[in-house]
Amino acid sequence: MKPTKKERGVFEKVNGSGVWWIRYADANGRIRREKVGNRGAAIKLYRKRKTQVLQGEKLPENFRAKSVRFSTLAENALRYSESQKRSYRQDKYRMAFVEKAFGHRAADTITPHDLEGWLADQANENQWSAATVNRYKALLSLTFRLGIQNRQITANPAKLVKRRHEDNGRVRFLNQFKPTRTDIQYLQPHTDEESRLRAVIEKNNADHMPEFDIAMHTGMRPSEQYGLDWSRVDLTRNFITIAQTKNG
1174 MKPTKKERGV FEKVNGSGVW WIRYADANGR IRREKVGNRG AAIKLYRKRK
1224 TQVLQGEKLP ENFRAKSVRF STLAENALRY SESQKRSYRQ DKYRMAFVEK
1274 AFGHRAADTI TPHDLEGWLA DQANENQWSA ATVNRYKALL SLTFRLGIQN
1324 RQITANPAKL VKRRHEDNGR VRFLNQFKPT RTDIQYLQPH TDEESRLRAV
1374 IEKNNADHMP EFDIAMHTGM RPSEQYGLDW SRVDLTRNFI TIAQTKNG
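Offset between the sequence shown (1-based) and our numbering: plus 1173.
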């Protein structure tokens, strides 16, 4: 028996089923698939669709383009974050957490209710602050927004998720230019508050310098540092998760 000549864009999903499909790119570059029936009809429809695309005709909307998984959107978002954002390391860590819940899902099946419920559950289980919830919401919104720009999806469900209210605590910055005058002789050579603090700690409690370093680089208060347990420390990614704080 003479083998059947292969036709570009025409295929059987299940070999020998007798049910043929067509696959082609529309004018926007999106891959479209249509179930047709017998092989002859599939070949004719494929050629018709290619002609319609070339002539700029509007294609029928009674079939759907292949759904994109959330994991694909996440990969694109992290590439964007790496090249455009200073928070890439944090985004990468958060995205790994998000993908555990949504990575396998078709992106266009994820609803605002799904995202709202997941954020609420995580906030309760992990004692996330409002600020932490908002950072995750922002990352989700960016992921879907880029998916829309890339014509992979048509809606951003994260946009409809309500932003949490963050408490506005008082922020105190160390004076690095002209600190208050001091009569303490060994502090006089130090012209900024940080170096003065380090000098005092070095003189009186040198073994506590690492605790000061943590406070300086994280903004954690003593109660937050000394109340921390190991379940909130991720040495692999160099992250510390803090429960609700005064500053959110």
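Beta carbons: idealized from backbone N, C-alpha and C, even for Gly.
As the structure is a prediction and not an experimental result, all values here were calculated from the model.
Query, Result
"Length of the line joining the Cα atoms of tryptophan 1403 and glutamate 1207", "53 Å"
"Beta-carbon spacing of arginine 1203, arginine 1324 below 8 Å", "yes"
"Identity of the residues DSSP links to aspartate 1407 by a beta bridge", "Phe1412"
"Distance CB(isoleucine 1413)-CB(threonine 1391) smaller than 8 Å", "yes"
"Beta-bridge pairing of valine 1183 - partner residues as DSSP gives them", "Ile1195"
"Straight-line Cα distance separating glutamine 1398 from valine 1406", "11 Å"
"Boundaries of the beta strand (DSSP E) in which lysine 1208 is found, first to last residue", "1204-1210"
"Run of the alpha helix (DSSP H) containing glutamine 1300, from where it starts to where it stops", "Glutamine 1300 -> no alpha helix (DSSP H), and no H or E assigned at all."
"One or two residues paired with arginine 1242 in a DSSP bridge", "Ala1279"
"Exposed unless 16 or more other CB atoms sit within 10 angstroms - verdict on alanine 1215", "buried"
"Beta carbon of arginine 1262 nearer than 8 Å to that of arginine 1308", "no"
"Three-state secondary structure (DSSP) of isoleucine 1321", "helix"
"Proximity to asparagine 1211 [Cα-Cα], best of Pro1352, Asp1294, Gly1191", "Gly1191"
"Exposure of phenylalanine 1270, with buried meaning 16 or more beta-carbon neighbours within 10 Å", "exposed"
"Buried versus exposed call for valine 1334 [16 or more other C-beta atoms within 10 Å across all chains shown]", "buried"
"Host alpha helix (DSSP H) of lysine 1376 (start-end)", "1366-1377"
"Tyrosine 1399: first and last residue of the uninterrupted alpha helix (DSSP H) it sits in", "1395-1399"
"Environment of isoleucine 1283 [buried if 16+ CB atoms lie within 10 Å]", "buried"
"Distance, leucine 1232 Cα to serine 1240 Cα", "18 Å"
"Arginine 1386 - containing alpha helix (DSSP H), residue span", "Before going further, note that residue 1386 is aspartate rather than arginine in the sequence given. Residues 1382-1391."
"Cβ-based neighbour list, glycine 1182, same chain, cut-off 8 Å, excluding 5 preceding and 5 following", "Ile1195, Arg1196, Tyr1197, Tyr1219, Lys1223"
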